[in-house]
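Data block below; observations after.
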Amino acid sequence: MTLPDPVRVARYLKAPELGPRALFFSGGTALRDLSRELVNYTHNSVHLITPFDSGGSSAKLRKTFKMLAVGDLRNRLMALADRSLHGNPQIYALFSHRLSKDASPEQLADELADMIAGSHPLVAAVPDPMRKIIRSHLGLFRPAMHGSGFDLAGASIGNLILAGGFFNYNRQIDPVIYMFTMLVKARGTVRPIINKDLTLAAEMADGSVIAGQHLLTGKEGGPITQPVRRVFLCASQHDLTPVGVELRRKVKDMIRQAELICYPMGSFYSSVIANLLPRGVGDAVSKAACPKVFVPNPGGDPEQLGLSLGESVRRLLEYLRASCAKPRPTESLLDFVLLDRRHDIYQTPLGLKQIEAMGITVIEGDLVGADNPPYFDEKAVIEHLLSLA
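Oh and the sequence shown: position 246 is 274 in the working numbering, straight run, nothing missing.
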């Protein structure tokens with residue numbers, strides 16, 4: 029097998045609108061730059077995003093309004109947006125804007141009012157019809173905020189816009205995502221893996237439990253100091269009873285129709301494994317007649333404390349099988365592990381023989397930019413992946 033395949037790569041670059049349906053289980057920002065590059069190869073990628081973020085601006089919205097996290101959905105939509113479209117740079121600037129953490133409540137309310145009125149410079153710069161829709165959604169958010177105790181300090185305007193649409197559509201996020209996909213001409217499909225307000229929790233090696241994605245990632249409060257024994261979904265940070273949830277039919281169909289499935293780099297538990305927790309994910313993956321590829325993190329991942337690469341692969345398969353209604357063979361869930369040929373970039377033992385003993389093929393390539401180790405070169409990763417589709 030020769031990767032990347034220059035003939036396939038050239039075909040995708042020539043006609044990305046006909047590119048493959050490459051599906052990514054992801055979350056957070058690890059795939060942001062890759063997604064921005066991916067649109068040059070395919071306009072048909074599918075991004076299933078974890079909605080469990082419990083830190084930052086998303087945490088305030090979730091706590092106040094009992095809703096799923098929208099920040100990672102917003103980020104992926106904007107990464108896939110057609111950057112040549114008139115007005116999209118202005119939309120990106122607005123969606124990325126955060127209100128001051130230091131301004132008074134009155135000043136923050138005034139800035140939001142200016143945005144709703146269309147007089148705020150960031151809103152005024154956006155062309156119609158997008159400007160009218162943004163103003164409308166912010167106008168829908170403001171009455172929901174009154175009396176709720178919601179604090180605007182540090183709020184992401186993009187998150188508030190999506191939240192306003194969420195309230196307008198009877199707390200359904202898919203219509204809001206679809207509308208903004210059309211308006212910014214996002215070159216791909218973005219959906220939350222589930223559309224419920226649930227919390228990601230982890231049982232640690234000593235039996236203690238932490239609840240909240242932000243505590244697992246180490247981005248707030250420092251990295252975990254013990255290995256993770258298991259992760260699960262629960263109702264809230266205060267109710268740790270495990271909750272089972274079924275994957276929606278439309279998401280099952282997206283997985284089954286994929287032409288490539290990727291478990292990509294990113295936070296192992298909170299971005300990848302969290303997407304595999306709903307019942308039915310493994311069954312849908314097993315029914316997809318396409319290559320399935322795991323791309324481990326270059327460098328280190330605090331969530332993988334105590335895990336070799338071989339153990340990470342074994343655990344990935346465990347969670348896929350746990351979401352199946354009946355036993356599924358390994359080859360229906362994972363075919364390949366894609367690694368950079370320079371093994372020293374990985375801060376964990378690889379265990380390649382252990383991986384191959386599971387019946388999984390290890391593919392090695394030049395994935396890391398020569399001038400930026402240990403970080404991946406997005407083009408190289410994309411071209412290796414899509415050569416398998």
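Each residue gets a CB set at the ideal place from its N, CA and C atoms; glycine is no exception.
The three-state reading of DSSP puts residue 389 in strand, counting E and B together. With a cut-off of 8 Å on Cβ pairs, the segment 307-324 is in contact with the segment 357-364, counting three or more such pairs.
Beta-bridge pairing by DSSP links residue 114 to no other residue. Residue range 227-232 is occupied by the beta strand (DSSP E) that includes residue 232. For residue 257, no alpha helix (DSSP H) encloses it; the enclosing beta strand (DSSP E) starts and ends at 256-264.
Here the alpha carbons of residue 96 and residue 172 stand approximately 16 Å from one another. Leaving aside the five residues that flank residue 119 on each side, the residues in its chain whose CB is nearer than 7 Å to its CB run, in chain order, 154, 158, 212. Apart from the 5 residues on each side of it in sequence, residue 260 sits with its Cβ closer than 6 Å to the Cβ of 229, 270 in its chain, given in chain order.
In the DSSP assignment, residue 236 falls outside any alpha helix (DSSP H), carrying neither H nor E. Residue pairing by DSSP puts residue 288 in a beta bridge opposite 50. Residue 74 places its beta carbon 8 Å or farther from that of residue 44.
In this structure, residue 221 sits near residue 279, with a CB-CB distance shorter than 8 Å. CA-CA distance, residue 36 to residue 369, rounds to 22 Å. With contacts defined as CB atoms closer than 8 Å, residue 326 and residue 396 qualify as a contacting pair. Between residue 364 and residue 332, the gap from beta carbon to beta carbon reaches 8 Å or more. As computed with DSSP, residue 368 is found in a beta bridge with 393. Of all alpha-carbon atoms in 233, 217, 208, 238, the one lying nearest the alpha-carbon of residue 227 is that of 238. Selection 330, 193, 174 evaluated against residue 248 yields 330 as nearest (Cα-Cα). With fewer than 16 other Cβ atoms inside 10 Å of its own Cβ, residue 174 counts as exposed.
Taking a contact as a CB-CB distance under 8 Å, the pair residue 105 and residue 218 counts as one, their CB atoms being some 5 Å apart.
Linking residue 386 to residue 80 through their CA atoms gives a straight-line distance of about 31 Å. Membership of residue 174 in any beta strand (DSSP E) is not indicated, and neither H nor E is assigned to it by DSSP.
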